[in-house]
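Comments concern the structure below.
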Amino acid sequence: MQYLNNQRGFTLFEVLLAVFILVIAVAPMINAFGPSLFAAANEETTIVSANYARQTLNRVLALDFKTLNDLVQNGQANPVNLDSLFGTGQESFVFKGTTCVPTVVITDASGGNGGLAEITSTVNRVTLKTLKAGY
Numbered sequence: 011m012q013y014l015n016n017q018r019g020f021t022l023f024e025v026l027l028a029v030f031i032l033v034i035a036v037a038p039m040i041n042a043f044g045p046s047l048f049a050a051a052n053e054e055t056t057i058v059s060a061n062y063a064r065q066t067l068n069r070v071l072a073l074d075f076k077t078l079n080d081l082v083q084n085g086q087a088n089p090v091n092l093d094s095l096f097g098t099g100q101e102s103f104v105f106k107g108t109t110c111v112p113t114v115v116i117t118d119a120s121g122g123n124g125g126l127a128e129i130t131s132t133v134n135r136v137t138l139k140t141l142k143a144g145y
């Protein structure tokens with residue numbers, strides 16, 4: 011094939027035009043997928059927080075009712091000092107470079123009669139509650 015003046019390839023204008031067309035085609039796709047990527051990252055944080063809140067809640071539920079009731083009666087249940095209950099640093103965890111510490115609150119749910127405790131476990135924005143009956 012014979013070329014004029016022995017020139018091959020694309021001109022700068024043609025390259026810029028091709029890049030411009032690609033940008034015009036890709037920009038709407040990025041705008042469409044951007045919110046879903048943000049939502050997925052937010053969901054991941056919520057799921058991890060819920061799992062750790064559930065884990066902490068289960069550890070507190072494993073304690074006998076007398077221990078929980080004593081915490082409420084002594085005023086040490088709002089919030090509970092998890093380090094003294096389970097050991098230093100047992101419940102804290104690091105997620106995406108941030109140290110998270112669950113908060114546990116135990117209240118008397120029996121109206122002052124004893125025998126029913128409400129346990130609330132909170133990690134980040136996730137809060138789980140349950141009841142534990144005593145004797």
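The end of the sequence shown is residue 145 by my numbering, with every number in the run present.
Just so it is clear, CB atoms sit at the ideal spot from N, CA and C, and this is done for glycine as well.
Take the alpha-carbon of F20 and the one of L47: they are about 37 Å apart.
Distance from the CA of I129 to the CA of N91, rounded to the nearest whole angstrom, comes to 14 Å. Bounds of the beta strand (DSSP E) holding E128 are 126 to 133. In the structure shown, D93 falls within a helical segment according to DSSP collapsed to helix, strand and coil.
By the 16-neighbour rule on beta-carbons within 10 angstroms, A87 is buried.
In the same chain as L81, and ignoring 5 residues on each side of it, the C-beta atoms closer than 7 Å to its own belong to A87, V90, I116, in chain order. Inter-residue distance for A37 and A28 is about 14 Å (C-alpha atoms, whole angstroms).
Per the coordinates, the alpha-carbon of R135 lies some 8 Å from the alpha-carbon of S59.
Membership of K139 in the beta strand (DSSP E) is indicated by the continuous run 136 to 143. Taking C-beta atoms under 8 Å as the contact rule, S131 and L78 fail to qualify, at a distance of about 13 Å. For F43, the uninterrupted alpha helix (DSSP H) run begins and ends at 22 to 71, by DSSP. As a beta-bridge residue in DSSP terms, T108 pairs with F105. With a threshold of 16 other beta carbon atoms within 10 Å, P45 falls short and is exposed. D80: member of the alpha helix (DSSP H) spanning 75 to 83, first to last residue.
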